[in-house]
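For reference, the structure is listed below as structure tokens.
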Amino acid sequence: MKKNKFFWVLFIIVLILGGYFYFQSRKKEVAYMTVEVKKENLAKTVSATGSIQSRNKAEVSFKLSGKIKKIFFEVGDKVKEDEVVAVLDREELNYEVNQARADLEAQKKSLALMKRKKDNYTHEQLDI
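If you want the working numbering, it's the position in the sequence shown, counting the first as 1, plus 83.
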């Protein structure tokens, strides 16, 4: 009985090993995927930090001084010649112009008064 048992255990071990080697030696089927070739543009973006120097430098200035009311471009935007970049706040300028006009009118009235006084002094001197 021991021989029978030994025979069956040996038979099962051989059967298991045979099955293992059989399945390992079988060639696995290779799966292929095909795709139609197309011509496309390849875009690659690179981000980096650092500093750059511009070849061209432009000085931006106003003919008048004042506060900026509105800016039409962001840093890095391209600007063409004769494009308006920013607008000054005219409220303060208008106030200054109106103040200057009022001062001018006051000076004109003062001048007219002085001329009348001069004329009066001249007539009084002539009467003497």
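From the three backbone atoms N, C-alpha and C, an ideal C-beta is built for every residue, glycine too. Remember, it's a predicted structure, so these values are computed and weren't measured experimentally.
For the putative contact between residue i and residue j, defined by C-beta atoms under 8 Å, what is the C-beta separation to the nearest angstrom?
i: L176; j: G149; result: 6 Å
Where do the ends of the alpha helix (DSSP H) carrying residue i lie?
i: I135; result: Neither: I135 is in no alpha helix (DSSP H) and is coded neither H nor E.
i: K85; result: K85 to S108
Any idea what DSSP makes of residue i, helix, strand or coil?
i: L125; result: coil
i: K146; result: coil
i: A141; result: coil
i: K198; result: helix
i: V118; result: coil
i: V180; result: helix
i: V170; result: strand
i: K161; result: coil
i: E175; result: helix
i: E188; result: helix
Once you ignore the five residues that flank residue i on each side, which residues in its own chain have a CB closer than 6 Å to its CB?
i: I154; result: A169
Quick one: what's got a C-beta closer than 8 Å to residue i's C-beta in the same chain, skipping five residues either side?
i: D34; result: Absent from the structure is residue 34, since the part of the chain shown begins at 84 and ends at 211.
Can you give me the start and stop residues for the beta strand (DSSP E) that residue i sits inside?
i: K152; result: I151 to I154
Identify, in the order they occur along the chain, each residue of the same chain with its Cβ nearer than 7 Å to the Cβ of residue i, setting aside the five sequence neighbours on each side.
i: V217; result: For the chain, the structure presents residues 84 to 211; residue 217 sits outside this window and is missing.
i: F145; result: L171
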